[in-house]
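Protein chains in written order, with this note's numbering: chain Y, 1 to 220; chain D, 221 to 313.
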């Protein structure tokens, strides 16, 4: 009985947190995207463009994740088991989520290293092909996607750490912490799977990270 | 202590600030000297700033001479420079 009550409470908390997470990521992404885009239009500084693209894809990934979770609720309420279109949409959204998240990750890392890369013309087609391939390969084996994202994020942490050491800037320290926290949520999800309680913690950390990111972009 | 190397944003800021400080009109030689840039770099930057409409070249009638003036966008760049610089430093862009 107590177990059932606890389970129900946990489910409700996770559902509410999913909505808060969706709103936080979407709003933060829109604000950060708009700000970076404005700065890019004003200065033509490439770093702003790549950073804006990262948050455009993060926002899109939030929309597709939320849509998928809503569809999942509809499926569980209506108890659909046959091969209905809604089930197919649900399945294909996993691929779409991976693609958006991979593109966001690639652009985020590129915004850190673009100055060091000698190639002037950034190959957007190659990046898309990489993201599509990764999403396709990871479609059946989700853990592959998390492994690639963790490696990418650790690389981002190393670059951010180097930049922080050189600048000793308080804000870049916060950005470094945000990247570490996001990486931890990916590692938790990879190692412990999607236990409801783990998902709850991961969502709380993610909300915190986006609040930090939003604070950093609003600081003058 | 060695002066920190100026990045692209700093160089644009220096060029535009020098125009603003000269009552929004300045000749190319004076601007190049004040901005402390080689002629090749100066030419590249001026071309880019004209293309991106941050500054405007004003030709003197019946003469080969010209001056540079800030555009509305150029003024906006200067007003937002500190914010942009802080953004770049925060996110390591």
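Glycine residues also receive a C-beta, built at the ideal position from the N, C-alpha and C atoms.
Supposed close pair residue i, residue j - CB separation, criterion 8 Å
| i | j | result |
| --- | --- | --- |
| residue 188(Y) | residue 156(Y) | Actually they do not touch by this definition, with Cβ atoms about 18 Å apart. |
| residue 100(Y) | residue 48(Y) | About 20 Å; that fails the 8 Å criterion. |
| residue 93(Y) | residue 67(Y) | 6 Å |
| residue 14(Y) | residue 199(Y) | 6 Å |
| residue 245(D) | residue 289(D) | 5 Å |
| residue 178(Y) | residue 212(Y) | 5 Å |
| residue 10(Y) | residue 197(Y) | 7 Å |
Cβ neighbours of residue i in the same chain (closer than 6 Å, five flanking residues each side left out)
| i | result |
| --- | --- |
| residue 205(Y) | 181 and 185 |
| residue 107(Y) | 50, 53 and 54 |
| residue 203(Y) | 17 and 21 |
| residue 105(Y) | 149 and 152 |
| residue 301(D) | 233 |
Through-space distance from residue j to residue i, alpha-carbon basis
| i | j | result |
| --- | --- | --- |
| residue 231(D) | residue 161(Y) | 26 Å |
| residue 12(Y) | residue 154(Y) | 33 Å |
| residue 265(D) | residue 172(Y) | 28 Å |
| residue 103(Y) | residue 3(Y) | 41 Å |
| residue 62(Y) | residue 139(Y) | 18 Å |
| residue 201(Y) | residue 277(D) | 58 Å |
| residue 279(D) | residue 117(Y) | 39 Å |
| residue 295(D) | residue 233(D) | 10 Å |
| residue 210(Y) | residue 165(Y) | 23 Å |
| residue 151(Y) | residue 136(Y) | 18 Å |
| residue 40(Y) | residue 46(Y) | 7 Å |
| residue 253(D) | residue 312(D) | 30 Å |
| residue 127(Y) | residue 6(Y) | 44 Å |
| residue 8(Y) | residue 191(Y) | 25 Å |
| residue 247(D) | residue 134(Y) | 54 Å |
| residue 240(D) | residue 42(Y) | 17 Å |
| residue 38(Y) | residue 298(D) | 14 Å |
| residue 28(Y) | residue 310(D) | 16 Å |
| residue 221(D) | residue 167(Y) | Note that residue 221(D) has pLDDT 46, beneath the 50 cutoff, so the model's placement of it is unreliable and the number below is only indicative. Cα-Cα distance, rounded: 16 Å. |
| residue 83(Y) | residue 60(Y) | 26 Å |
| residue 141(Y) | residue 257(D) | 55 Å |
| residue 227(D) | residue 158(Y) | 22 Å |
| residue 225(D) | residue 183(Y) | 33 Å |
| residue 131(Y) | residue 95(Y) | 10 Å |
| residue 170(Y) | residue 163(Y) | 12 Å |
| residue 281(D) | residue 129(Y) | 54 Å |
| residue 44(Y) | residue 242(D) | 25 Å |
Local Cβ density within 10 Å of residue i, reported as buried at 16 or more and exposed below that
| i | result |
| --- | --- |
| residue 89(Y) | exposed |
| residue 65(Y) | buried |
| residue 143(Y) | exposed |
| residue 145(Y) | buried |
| residue 97(Y) | buried |
| residue 260(D) | exposed |
8 Å CB neighbourhood of residue i in its chain, flanking five on each side removed
| i | result |
| --- | --- |
| residue 86(Y) | 71, 74, 75 and 80 |
| residue 147(Y) | 190 |
| residue 270(D) | 276 and 277 |
| residue 114(Y) | 46, 47, 50 and 122 |
7 Å CB neighbourhood of residue i in its chain, flanking five on each side removed
| i | result |
| --- | --- |
| residue 175(Y) | 160 and 216 |
| residue 255(D) | 234, 235, 238 and 262 |
| residue 293(D) | 273 and 274 |
| residue 229(D) | 304, 305 and 308 |
| residue 111(Y) | 47, 50, 51 and 54 |
| residue 69(Y) | 18 |
| residue 291(D) | 273, 274, 275 and 276 |
On the three-pair Cβ rule with 8 Å, is the region 25-39 of chain Y touching the region 49-57 of chain Y? yes
For the structure I just gave you, are there three or more beta carbon pairs, one from the region 198-216 of chain Y and one from the region 259-275 of chain D, closer than 8 Å? no
Using 8 Å as the threshold, is the region 14-32 of chain Y in touch with the region 277-285 of chain D, meaning 3 or more CB pairs across them? no
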